[in-house]
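Under our numbering, the first residue of the sequence shown is numbered 21, with each subsequent residue one higher.
Just so you know, even glycine gets a beta-carbon here, dropped at the ideal spot from N, CA and C.
Quick caveat, the model's predicted, so the values are computed rather than measured.
Reading through the structure tokens given below for one structure.
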Amino acid sequence: MVNYSNVVQVGFAMLAIIAVGFVLSKLKILSPKDSAAMNAIVFWIGFFPLLFRGIASKKLKELDFNPFAIAALMSITTYVVLTLLMIYPFKNRFKTYLATVFPTCYINYVISGVPVFNALWPPNENVLISMMMMSNDMITSPIYFLLIGIYNVIETNKRLVAEGFPKERFSIKVLGKILLTVINIDPR
21 MVNYSNVVQV
31 GFAMLAIIAV
41 GFVLSKLKIL
51 SPKDSAAMNA
61 IVFWIGFFPL
71 LFRGIASKKL
81 KELDFNPFAI
91 AALMSITTYV
101 VLTLLMIYPF
111 KNRFKTYLAT
121 VFPTCYINYV
131 ISGVPVFNAL
141 WPPNENVLIS
151 MMMMSNDMIT
161 SPIYFLLIGI
171 YNVIETNKRL
181 VAEGFPKERF
191 SIKVLGKILL
201 TVINIDPR
């Protein structure tokens, strides 16, 4: 029998951490610049070791890629279902879609997944969380960055037309710029 009190405790601890962050932000004790620096430190020092800890302990043939596929399908399904937002007459439908889809799709399994998972299952099964995090980084984020690139091209063309210049035609060069931004390379 699973003891769900551990899950409840983890849930309250997560809410407490969020509340502390909210209070520090509202009282201007922590600026957005400080927060970004802390996020970068946590990302480089904590994220990769946590991700690979679950995977490195297993042999390649022992790894189960089903959690990766399930997380990828969940993400893609969310992207598709949220296209229904485009029906509602927002001022800028695509911008509203982009502002909604990534926060909905991208699940931070480090914060929410690992503590709850460890409260229910043994820590040696953390490979599930690692696979799901890899899905986020290899599927969810690139799709979002690709959509942002397309949005930027559309907005640039609107600005060019408003200034009396011709639109930039879709070409291999434009596609290349979008793909470079997906892998975080500035194409300028």
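- Does the beta-carbon of A39 have 16 or more other beta-carbons within 10 angstroms, so that it is buried, or is it exposed? Position 19 of the sequence shown, counted from the first residue, corresponds to residue 39. A39 comes out exposed.
- Task: Given a cut-off of 8 Å, decide if L71 and M158 are closer than it, judged by their beta-carbon atoms.
- Result: For the purposes of this step, residue 158 is taken as the residue at position 138 of the sequence shown. For the purposes of this step, residue 71 is taken as the residue at position 51 of the sequence shown. Result no, Cβ atoms of M158 and L71 do not sit closer than 8 Å.
- Within 10 angstroms of its Cβ, does K197 collect 16 or more other Cβ (buried), or is it exposed? Position 177 of the sequence shown holds residue 197. Classification for K197: buried.
- Which first and last residues belong to the alpha helix (DSSP H) in which L140 is found? Looking up residue 140 in the sequence shown gives position 120. Taken as a continuous stretch (DSSP letters only), the alpha helix (DSSP H) holding L140 covers V134 to L140.
- Item | Same chain, Cβ closer than 7 Å to N177, neighbours up to 5 away in sequence not counted | If you number the sequence shown from 1, residue 177 lands on position 157. Counting only Cβ-Cβ distances below 7 Å, and skipping sequence neighbours, we find K187 and E188.
- Query: Rounded to a whole number of angstroms, what is the C-alpha to C-alpha distance between K81 and V100?
  - Reply: Taking the sequence shown and counting its residues from 1, the one referred to as residue 81 is at position 61. Taking the sequence shown and counting its residues from 1, the one referred to as residue 100 is at position 80. Those two C-alpha atoms are separated by around 32 Å.
- Query: Can the beta-carbon of R171 be found closer than 8 Å to that of F114?
  - Reply: Taking the sequence shown and counting its residues from 1, one reaches residue 171 at position 151. Taking the sequence shown and counting its residues from 1, one reaches residue 114 at position 94. According to the sequence displayed, residue 171 carries Tyr and not Arg. A contact, by the Cβ cut-off of 8 Å.
- Query: Using a Cβ-Cβ cut-off of 6 Å (strictly less than) and excluding sequence neighbours within five positions of L50, which residues of its own chain qualify?
  - Reply: Looking up residue 50 in the sequence shown gives position 30. Closer than 6 Å at Cβ, skipping near neighbours: L44.
- Query: By DSSP, does I49 sit in helix, in strand, or in coil?
  - Reply: Counting from one through the sequence shown, the residue named residue 49 turns up at place 29. Coil, per DSSP.
- Environment of P69 [buried if 16+ CB atoms lie within 10 Å]: If you number the sequence shown from 1, residue 69 lands on position 49. P69 comes out exposed.
- First through last residue of the alpha helix (DSSP H) which encompasses I96: What you label residue 96 is simply residue 76 of the sequence shown in a count that begins at 1. Per DSSP, I96 belongs to the alpha helix (DSSP H) from N86 to V101.
- Task: Would you check if the distance between the CB atom of I90 and the CB atom of L83 is smaller than 8 Å?
- Result: Your numbering for residue 90 matches position 70 in the sequence shown. Your numbering for residue 83 matches position 63 in the sequence shown. Their beta carbons are not under 8 Å apart, which means I90 does not touch L83 by this criterion.
- Query: Is T160 buried or exposed, if buried means 16 or more other CB atoms sit within 10 Å of its CB?
  - Reply: Taking the sequence shown and counting its residues from 1, the one referred to as residue 160 is at position 140. Burial call: buried.
- Message: Using the three-state DSSP reduction, which class does N112 fall into: helix, strand or coil?
- Response: Position 92 of the sequence shown holds residue 112. Three-state DSSP puts N112 in coil, outside helix and strand.
- Taking the CB atoms as reference points, tell me whether V27 and V136 lie closer together than 8 Å. Along the sequence shown, one-based indexing puts residue 27 at 7. Along the sequence shown, one-based indexing puts residue 136 at 116. Result yes, Cβ atoms of V27 and V136 sit closer than 8 Å.
- Message: Could you tell me the alpha carbon to alpha carbon distance between V30 and W141, rounded to whole angstroms?
- Response: By one-based count along the sequence shown, residue 30 stands at place 10. By one-based count along the sequence shown, residue 141 stands at place 121. Distance between the alpha carbons of V30 and W141 is about 14 Å.
- Bounding residues of the alpha helix (DSSP H) (the contiguous stretch that carries T176): Reading the sequence shown from its first residue, position 156 is the one you call residue 176. T176 -> alpha helix (DSSP H) spans S161 to A182.
- Message: Short of 8 Å in beta carbon distance, which residues of its chain neighbour E145, apart from the five on each side in sequence? Order them along the chain.
- Response: Position 125 of the sequence shown, counted from the start, is the residue given in the question as residue 145. These residues qualify, in order along the chain: F137.
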